[in-house]
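A.B. asks: The structure is given below, and queries will be raised subsequently.
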Ligand code: NIG
């Protein structure tokens, strides 16, 4: 029986496919849902939908959770078109280009940086992203890292301190690591809840990365690691050792790395599905970056098969992945990384939320869960111009985002 009308509510009905990404992995046909304020208050068959103050007819098209994009570097000036062109002509990616962006970023005004970062967020939202992380990392001195953190906090949902992105020219690596672990960390602390380190040849070695992670953990930050991007190395092992929420890139994994990540989730299915159980380290794969740098694609299939939860993220930055497009990442994960459509959408929604520890509500600061469609979760949704999520891979490159709701408010469409 239809229930009583709900005040200030919106009914989205006639949904052809509702991919919930909830713990039961439900995909409902001929479904409806009700948004009340910022939350989802009802989900069920369209025929049983309650009345509401406003009605949106999905016309048989698909509804999914909004994308949760858990890895980006949005605060930067300039671009690196020339470096990209050189790479497409055969030059390999080396992290040295970060210094070019550091220069352009330092030369930009606060207003310019904020405006550019906002434009990138708007671009992401227009493609279905409803929750997004950004790192610092193109300031690389105390003043400019503080500024990046402050600007990132104005435009992104989660901010990560990445002072350990590259050792700037003229610095001794160990002395710069001291700066990151001391004055720089103190300067950014009011704006950040996460810390990251680029643990890679040419960036920070194992000992330096360990120092950064230990200092940031002691300061109360959650941890993430850029690891195993340009070659095998200690990134994954360090992430596991420190209980990082995520290790990102993962292009060069050894069997021991996969086993170590799987070990953080215990045997069998990912424990991360169950609120309150011990959470391990999510494997965040960045397909747009892999293609743009011509690295081997991260082994997302192998990781999932080993029981490691996978997230997909856009990694918007001017060096390795100048895109905000989560649909592109999902399409690539299906067409080239061996994921099913359901797995790829899950990695780009629930997986990203898990990597940011936002997959359940009632967490540290009382946020609502994001990344899945369930009663009580934040109403972050996207309506596709397609009857099923399969069309994301079946019609690659076609803009299929018809409407987007963020915290219950329609922001696109
Ligand atoms: O996540 N790998 C390190 N950091 C960025 C790229 C930085 C750059 O080249 O500007 C990334 O891909």
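Numbering (the UniProt record's numbering), first residue to last: 1 to 413. Ideal Cβ placement from N, Cα and C applies to all residues, glycine included. Keep in mind that this is a model prediction, so the values were computed, not measured.
Among 403, 404, 145, which has the Cα closest to the Cα of residue 181?
C.D. replies: Measuring from the Cα of residue 181, the nearest candidate turns out to be 145.
A.B. asks: If I measure Cβ to Cβ from residue 386 and keep anything under 8 Å in the same chain, skipping five residues before and after, which residues do I get?
C.D. replies: Closer than 8 Å at the Cβ level, and outside the excluded window around residue 386, lie 61, 62, 392, 395, 400.
A.B. asks: Less than 7 Å between the beta carbons of residue 67 and residue 16, yes or no?
C.D. replies: No, Cβ-Cβ distance for residue 67 and residue 16 is not below 7 Å.
A.B. asks: Around the Cβ of residue 13, are there at least 16 other Cβ atoms within 10 angstroms (buried) or fewer (exposed)?
C.D. replies: Buried is the call here.
A.B. asks: Work out the CA separation of residue 301 and residue 339 for me, nearest whole Å.
C.D. replies: Distance between the alpha carbons of residue 339 and residue 301: 6 Å.
A.B. asks: If the criterion is Cβ atoms closer than 7 Å, does the pair residue 155 and residue 187 meet it?
C.D. replies: Their beta carbons are not under 7 Å apart, which means residue 155 does not touch residue 187 by this criterion.
A.B. asks: Return helix, strand or coil for residue 84, following the three-state DSSP convention.
C.D. replies: DSSP places residue 84 in helix when its eight states are reduced to three.
A.B. asks: What are the uninterrupted segments assigned as beta strand (DSSP E) that are 3 or more residues long and contained completely in the region 105-160, given in chain order?
C.D. replies: If we require 3 residues or more, the beta strand (DSSP E) runs fully inside the region 105-160 come out as 129-135.
A.B. asks: At a cut-off of 6 Å, would you count residue 324 as near the ligand NIG, judging by its Cβ distance to the nearest heavy atom?
C.D. replies: Answer for residue 324: no, Cβ out of range of the ligand NIG.
A.B. asks: Quick test of your reading: residue 123 and residue 70, contact by CB under 8 Å. State the CB separation rounded to the nearest angstrom.
C.D. replies: Wrong, their Cβ atoms sit about 17 Å apart, outside the cutoff.
A.B. asks: Within a Cβ cutoff of 7 Å, which residues of the same chain sit near residue 1, ignoring the five residues on either side of it in sequence?
C.D. replies: Here the model assigns residue 1 a pLDDT of 45, short of 50, so the residue's position is not dependable, and the following value carries that caveat. Contacts found: none.
A.B. asks: Can you tell me which residues form a DSSP beta bridge with residue 166?
C.D. replies: Bridge partners of residue 166: none, in fact.
A.B. asks: Would you check whether the ligand NIG has a heavy atom nearer than 6 Å to the C-beta of residue 199?
C.D. replies: It does not: the Cβ of residue 199 is nowhere closer than 6 Å to a heavy atom of the ligand NIG.
A.B. asks: Can you tell me whether residue 265 is helix, strand or coil according to DSSP?
C.D. replies: Residue state, collapsed to three classes: coil.
A.B. asks: Are the region 192-212 and the region 222-238 in contact at 8 Å, needing three or more beta carbon pairs?
C.D. replies: Counting Cβ pairs under 8 Å, three or more are found: they touch.
A.B. asks: Let me confirm a value: residue 326 is counted as buried when at least 16 other C-beta atoms fall within 10 Å, else exposed. Which label applies?
C.D. replies: Label assigned to residue 326: buried.
A.B. asks: Here's a check: name, in chain order, each residue in its chain whose Cβ is nearer than 6 Å to the Cβ of residue 269, leaving out the five neighbours to either side.
C.D. replies: Note that residue 269 scores 46 on pLDDT, short of 50, meaning its location in the model is unreliable and no value can be drawn from it.
A.B. asks: Going by DSSP, name the residue or residues bridged to residue 65.
C.D. replies: For residue 65, which the question treats as bridged, DSSP gives the partners 381.
A.B. asks: To the nearest angstrom, report how far apart residue 275 and residue 381 are at their CA atoms.
C.D. replies: Residue placement at residue 275 is flagged as unreliable, the pLDDT there being 38, under the threshold of 50; a coordinate-derived value is accordingly withheld.
A.B. asks: Could you tell me which whole beta strand (DSSP E) segments of length 3 or greater appear in the region 212-258?
C.D. replies: Runs found: 222-227, 246-249.
A.B. asks: Around the Cβ of residue 97, are there at least 16 other Cβ atoms within 10 angstroms (buried) or fewer (exposed)?
C.D. replies: Its Cβ being crowded by 16 or more others within 10 Å, residue 97 is buried.
A.B. asks: Roughly how many angstroms separate the alpha carbons of residue 83 and residue 319, rounded to a whole number?
C.D. replies: The alpha-carbon atoms of residue 83 and residue 319 are separated by roughly 8 Å.
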